[in-house]
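Asker: There's a structure below that I have some questions on.
There are 2 protein chains.
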Amino acid sequence: VTFELTRDYLDRFAEAIQRRDAEFIVSSLHGVDSADISNLLYEFSTDECKYVFEILPPEVNAEILNDLDEDVRQRFLENFSSEEVAAFIHFLDSDDAADILYQMQPKRREEIISHLTDEEKAGNIQDLLRYEEDSAGGLMAKELIKANANWTVRQCIEEIRKQAEKVEKFYSVYVVDGRDRLLGRVSLKKIIISDDKAKVSDLYDEQVVTVETHMKDEEVARIMQKYDLEAVPVVNAKGKLLGRITIDDVVDVITETAEEERQMMAGVSDDVEEDDSIWAIAKARLPWLIIGMIGGILGANFVGLFEKEIIVIPAVAFFIPLITATGGNVGIQSSSIVVQTLASSNIFLDSMLTRLTKGFLVAVVNGSILSLMVFGAIIVINKDQSLAVTVSAALFSVVLLASFMGTVTPLILNRFGVNPALASGPFITTANDLLGLAVYFSVAHLMYNL
Amino acid sequence: VTFELTRDYLDRFAEAIQRRDAEFIVSSLHGVDSADISNLLYEFSTDECKYVFEILPPEVNAEILNDLDEDVRQRFLENFSSEEVAAFIHFLDSDDAADILYQMQPKRREEIISHLTDEEKAGNIQDLLRYEEDSAGGLMAKELIKANANWTVRQCIEEIRKQAEKVEKFYSVYVVDGRDRLLGRVSLKKIIISDDKAKVSDLYDEQVVTVETHMKDEEVARIMQKYDLEAVPVVNAKGKLLGRITIDDVVDVITETAEEERQMMAGVSDDVEEDDSIWAIAKARLPWLIIGMIGGILGANFVGLFEKEIIVIPAVAFFIPLITATGGNVGIQSSSIVVQTLASSNIFLDSMLTRLTKGFLVAVVNGSILSLMVFGAIIVINKDQSLAVTVSAALFSVVLLASFMGTVTPLILNRFGVNPALASGPFITTANDLLGLAVYFSVAHLMYNL
Numbered sequence: 189v190t191f192e193l194t195r196d197y198l199d200r201f202a203e204a205i206q207r208r209d210a211e212f213i214v215s216s217l218h219g220v221d222s223a224d225i226s227n228l229l230y231e232f233s234t235d236e237c238k239y240v241f242e243i244l245p246p247e248v249n250a251e252i253l254n255d256l257d258e259d260v261r262q263r264f265l266e267n268f269s270s271e272e273v274a275a276f277i278h279f280l281d282s283d284d285a286a287d288i289l290y291q292m293q294p295k296r297r298e299e300i301i302s303h304l305t306d307e308e309k310a311g312n313i314q315d316l317l318r319y320e321e322d323s324a325g326g327l328m329a330k331e332l333i334k335a336n337a338n339w340t341v342r343q344c345i346e347e348i349r350k351q352a353e354k355v356e357k358f359y360s361v362y363v364v365d366g367r368d369r370l371l372g373r374v375s376l377k378k379i380i381i382s383d384d385k386a387k388v389s390d391l392y393d394e395q396v397v398t399v400e401t402h403m404k405d406e407e408v409a410r411i412m413q414k415y416d417l418e419a420v421p422v423v424n425a426k427g428k429l430l431g432r433i434t435i436d437d438v439v440d441v442i443t444e445t446a447e448e449e450r451q452m453m454a455g456v457s458d459d460v461e462e463d464d465s466i467w468a469i470a471k472a473r474l475p476w477l478i479i480g481m482i483g484g485i486l487g488a489n490f491v492g493l494f495e496k497e498i499i500v501i502p503a504v505a506f507f508i509p510l511i512t513a514t515g516g517n518v519g520i521q522s523s524s525i526v527v528q529t530l531a532s533s534n535i536f537l538d539s540m541l542t543r544l545t546k547g548f549l550v551a552v553v554n555g556s557i558l559s560l561m562v563f564g565a566i567i568v569i570n571k572d573q574s575l576a577v578t579v580s581a582a583l584f585s586v587v588l589l590a591s592f593m594g595t596v597t598p599l600i601l602n603r604f605g606v607n608p609a610l611a612s613g614p615f616i617t618t619a620n621d622l623l624g625l626a627v628y629f630s631v632a633h634l635m636y637n638l
Numbered sequence: 189v190t191f192e193l194t195r196d197y198l199d200r201f202a203e204a205i206q207r208r209d210a211e212f213i214v215s216s217l218h219g220v221d222s223a224d225i226s227n228l229l230y231e232f233s234t235d236e237c238k239y240v241f242e243i244l245p246p247e248v249n250a251e252i253l254n255d256l257d258e259d260v261r262q263r264f265l266e267n268f269s270s271e272e273v274a275a276f277i278h279f280l281d282s283d284d285a286a287d288i289l290y291q292m293q294p295k296r297r298e299e300i301i302s303h304l305t306d307e308e309k310a311g312n313i314q315d316l317l318r319y320e321e322d323s324a325g326g327l328m329a330k331e332l333i334k335a336n337a338n339w340t341v342r343q344c345i346e347e348i349r350k351q352a353e354k355v356e357k358f359y360s361v362y363v364v365d366g367r368d369r370l371l372g373r374v375s376l377k378k379i380i381i382s383d384d385k386a387k388v389s390d391l392y393d394e395q396v397v398t399v400e401t402h403m404k405d406e407e408v409a410r411i412m413q414k415y416d417l418e419a420v421p422v423v424n425a426k427g428k429l430l431g432r433i434t435i436d437d438v439v440d441v442i443t444e445t446a447e448e449e450r451q452m453m454a455g456v457s458d459d460v461e462e463d464d465s466i467w468a469i470a471k472a473r474l475p476w477l478i479i480g481m482i483g484g485i486l487g488a489n490f491v492g493l494f495e496k497e498i499i500v501i502p503a504v505a506f507f508i509p510l511i512t513a514t515g516g517n518v519g520i521q522s523s524s525i526v527v528q529t530l531a532s533s534n535i536f537l538d539s540m541l542t543r544l545t546k547g548f549l550v551a552v553v554n555g556s557i558l559s560l561m562v563f564g565a566i567i568v569i570n571k572d573q574s575l576a577v578t579v580s581a582a583l584f585s586v587v588l589l590a591s592f593m594g595t596v597t598p599l600i601l602n603r604f605g606v607n608p609a610l611a612s613g614p615f616i617t618t619a620n621d622l623l624g625l626a627v628y629f630s631v632a633h634l635m636y637n638l
């Protein structure tokens, strides 16, 4: 039943565009989901896509736009006049329309809104644009079905019939009082199985989870996931029903958050994809590489202070990579578990002290095991007891210190409102490299000069 | 409206358990979502939780169990007889029941199923247990509302009324033929606004996205996300309707996949959380640390081959951390973008050659910039031209090589069916450390001996 994009079809489609074969394009795309069409269009140039847009119905174009990657969409829309963009946006839900307009210059935004023929929609979109894009207000749609508590089920159904065209998907009817304050919800299931004459006030469920407009999108995601919600109503501080957020938008938030975190861990500073330009990719990677390089130069100058020791016992230099690598690994392991806990919904987090103690004990266990193994390996391979003592003692201290740094850094970042995941990236590796070198050469200095 | 877990309430609740004050417990938890109750119970011992379970209604207990962490749940359930567990499972949807039973020994599993009074449910659960846990079959629930295409809307509503008790949440009615083959779906909205006498065959939408039982859970997640679905029907190869997967289960799959990937990147081998035992945490971290350590020992022996060079020009040793750190950073950056592309839904991936060429060019850009900066820094700080040439030439080569390794490793892992995210962790760092050292000392050897 689903559309499968084959190389064959792609070739035929390309040919059809060349020959301006509108009939093939329209008929072969009939009934195909907009997500599939937008995937298909990624393979074509702007001009080719513009031609496809000319011959497809505007409501389909609107859905395709909605499914396109943000960057691609913005670039593509620059080829259309404000009036043309308004014609697409007319067919979108207010939240999807606002998402597109968020990315535009205020002047262009207002032009587009002024061309909207549906004044209610224009008002809704303008309302939404007032909220932060990454807040519940920025995530919600104004389209929803609400019923007054005094209505009967029949009146409810009448309202649904009236609204059905404007609200594409809904799972329940929100029940409000005369002042639009949210009282509860009735599921569609309940409406279907209830008598037409039943009063909404007797049917609705008061236990309804809500979010407030100012809430961060990640918090909304956490709540919807926790309570297994497919939609959540958005209210203001006075409990007035303003909109609703559906799970598909929240799934995107969850995916983006995970992606962002992964990029931070990988030391990529910007949102880049493999099909971006070489310069864009290089630029996104450079900042962390430079930070690492500066760390490396500082490290070199620090190690330089121990030039004498290295000349006398060059074997000390051999184990520099072991020390820095282990420090880096332990630091990332420790920070990542803290980041995970900070992101989870655990309410009563362990106190700072409990956490540090536990991290310390884990570090003692692993530090001891690793040190013993390295001690044995150096005795067997290098047959040098002082070296074995130096390296293993330094390794043990580095594991403890790196674990401490890895635990404390994300907590501090979090305290200052910075994304703690930043601490799982090259940041902690660079810091631990320097720290590791300091510990290692201090131990070596003590060992060989006493 | 939502329950807020305060330290105050927690203290009162603890006191109530001590005093066996069933009334306070039952009344204060009345109407509270099971997700909140399970969060609350994490703060108490097994015996205390058992007492709470004794006084709460079994359907609430079932939901609490469903919301508990898998590990915690399994340990907790060991305190109940098979008959008692069956009494909880009776109130769960088949997929949630199967999730609990998947974790148990086959004998215990069969005992519990044999105690189920609802034979249809027992059969459904046994059906589900036949599928892989991480497949669409393992993810689906058997509970759904289906209607024959020949029915009227009224018959549909009758069926919903009949099934309403068993199927907690549903968004559409699946339409089947006489042999249970899926024909399409009708949304609840359409049922509500259609005339009672209308035929289902005239209402249903044929364009319905389906998944097959053998599909991997991550593939199901990708499809539901792509098409913004709140539920997807599961069919077998012949198109027979077997179950449906709802978005809440898929949100969990998405979160778990992201979590798993993050752990791989952080070099934590097992699913551990901050509140696990010290030994469990230490054990989960040890394997990658040991691999890193073995890499470090190999590296030390490799650097040992260049003992003479280090004695003559100790400054060469100073820059070891710079070389290994940059190699590690570049490797992770390159691998992470490949992993991201492999996980995304892009259909026509760039060819291997295009990809390597692009990665190579990005590496040339960043390698040049970094090398120039390091060259300048060494000239200014160390005032040693040969050293500057050695380090910057080695750095440039290391950036190219690490980028190549970072691009190729995940592609190779993916080809062999191994999760490519593994390549973004300590694996690639260790390999790049060794590679970087080899390049660095080869360049140094050439520079100072020619």
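Chains as they are written, first to last, in this note's numbering: chain H, 189 to 638; chain U, 189 to 638. Ideal placement from N, C-alpha and C gives every residue a C-beta, glycine not left out.
1) Under the three-state reduction of DSSP, which class applies to H:Ile333: helix, strand or coil?
2) Determine which residues of the segment 374–385 of chain H have a Cβ less than 9 Å from any Cβ of chain U, and write them out in chain order.
3) Check whether the Cβ of U:Trp476 lies closer than 9 Å to any Cβ atom in chain H.
4) According to DSSP, simplified to helix, strand and coil, what is U:Ala352?
5) Pairs of beta-carbons, one from the segment 196–211 of chain U and one from the segment 551–566 of chain U, closer than 8 Å: are there three or more?
6) Determine whether the beta carbon atoms of H:Gly516 and U:Ala513 lie at a separation below 9 Å.
7) Thinking H:Glu321 and H:Tyr290 are a contact (beta carbons under 8 Å), I'd like their distance in whole angstroms, please.
8) Can you tell me which residues form a DSSP beta bridge with U:Ile433?
9) Can you confirm whether H:Asn424, when its beta carbon is compared against all beta carbons of chain U, has any partner nearer than 9 Å?
10) Look at U:Gln351 and H:Arg473 and say whether their C-beta atoms are less than 9 Å apart.
11) Quick one: complete alpha helix (DSSP H) runs, 4+ long, within the segment 281–334 of chain U?
12) Considering U:Tyr415, what are the terminal residues of the alpha helix (DSSP H) in which it resides?
13) Do you know whose CA, among H:Ser375, H:Val364, H:Ile348, lies nearest U:Ser382's CA?
14) Which residues of chain U have a Cβ atom closer than 7 Å to the Cβ of H:Lys546, listed in chain order?
15) Please list, in chain order, the residues of the segment 550–578 of chain H that have any C-beta partner in chain U closer than 7 Å.
16) On a CA-only basis, which of U:Glu461, U:Phe268, U:Asp436 is nearest U:Glu447? Give me that one, please.
17) Please confirm if the segment 280–290 of chain U is in contact with the segment 369–387 of chain U, defined as three or more CB-CB distances below 8 Å between the two stretches.
18) Roughly how many whole angstroms lie between the Cα atoms of H:Leu622 and H:Met481?
19) In terms of residue numbering, what span does the alpha helix (DSSP H) encompassing U:Ser580 cover?
20) Applying the 10 Å Cβ sphere with the 16-neighbour rule, what's the burial state of U:Ser585?
21) DSSP on H:Ser559, reduced to helix/strand/coil?
22) By the criterion of Cβ-Cβ separation under 8 Å, what are the contact partners of H:Arg473 in chain U?
23) Considering only residues of the same chain and omitting the five flanking positions on each side of U:Ile469, which have a CB-CB separation below 7 Å?
24) What number of angstroms, rounded off, separates the C-alpha of H:Thr595 from the C-alpha of H:Leu510?
25) Return the bridge partner residues of H:Val374 from the DSSP annotation.
26) For chain U, is any of its Cβ atoms less than 9 Å away from the one on H:Pro608?
27) Under 7 Å, CB to CB, which of the residues in the segment 404–428 of chain H have a partner in chain U?
28) Could one say the Cβ of U:Asp368 lies closer than 9 Å to chain H's Cβ atoms, at least one of them?
29) What residues from the segment 603–637 of chain U come within 8 Å of chain H, judged by C-beta to C-beta, listed N to C?
30) Any Cβ of chain U within less than 9 Å of the Cβ of H:Ser585?
31) Note down, in chain order, all residues in the segment 222–251 of chain H with a beta-carbon under 7 Å from any beta-carbon belonging to chain U.
32) With a threshold of 8 Å, are at least 3 pairs of Cβ atoms found where one atom belongs to the segment 335–347 of chain U and the other to the segment 375–393 of chain U?
33) So the candidates are H:Gly483, H:Ala335, H:Thr434; which of them puts its Cα closest to the Cα of H:Asp281?
34) Determine, using beta-carbon pairs with one atom in the segment 556–570 of chain H and one in the segment 600–609 of chain H, whether at least three such pairs fall under 8 Å.
35) Give a yes or no on whether the C-beta atoms belonging to H:Gly325 and H:Val422 are separated by under 9 Å.
36) With DSSP as the reference, identify every bridge partner of H:Thr340, one or two as the case may be.
Answerer: Taking the structure as given:
1) coil
2) Ser375, Leu376, Lys377, Lys378, Ile379, Ile380, Ile381
3) yes
4) coil
5) Note that the segment 196–211 of chain U does not touch the segment 551–566 of chain U; fewer than 3 beta-carbon pairs, one per stretch, sit closer than 8 Å.
6) yes
7) Yes, H:Glu321 and H:Tyr290 are in contact; Cβ-Cβ is about 5 Å, under 8 Å.
8) U:Val420
9) no
10) no
11) 282–290, 294–302, 307–317, 324–327
12) First-last for U:Tyr415: undefined, no H or E at that position.
13) H:Ile348
14) Here the neighbours are Ile466.
15) Val550, Val553, Asn554, Ile557, Leu558, Met561, Val562, Ala565, Ile569
16) U:Glu461
17) no
18) Rounded to the nearest angstrom, the gap between the Cα atoms of H:Leu622 and H:Met481 is 12 Å.
19) 573–603
20) buried
21) It is helical.
22) Val518, Gln521, Val550, Asn554
23) Val460
24) Computed Cα separation, rounded: 21 Å.
25) H:Val361
26) With 9 Å as the cut-off, H:Pro608 does not count as an interface residue toward chain U.
27) Gln413, Lys414, Tyr415, Asp416, Glu418
28) U:Asp368 does not count as touching chain H.
29) Ser612, Pro614, Thr617, Thr618, Asp621, Leu625
30) no
31) Ala223, Asn227, Glu231
32) yes
33) Minimum Cα-Cα distance from H:Asp281 among the listed residues H:Gly483, H:Ala335, H:Thr434 corresponds to H:Thr434.
34) no
35) The criterion of a C-beta distance shorter than 9 Å is satisfied by H:Gly325 and H:Val422.
36) H:Lys387
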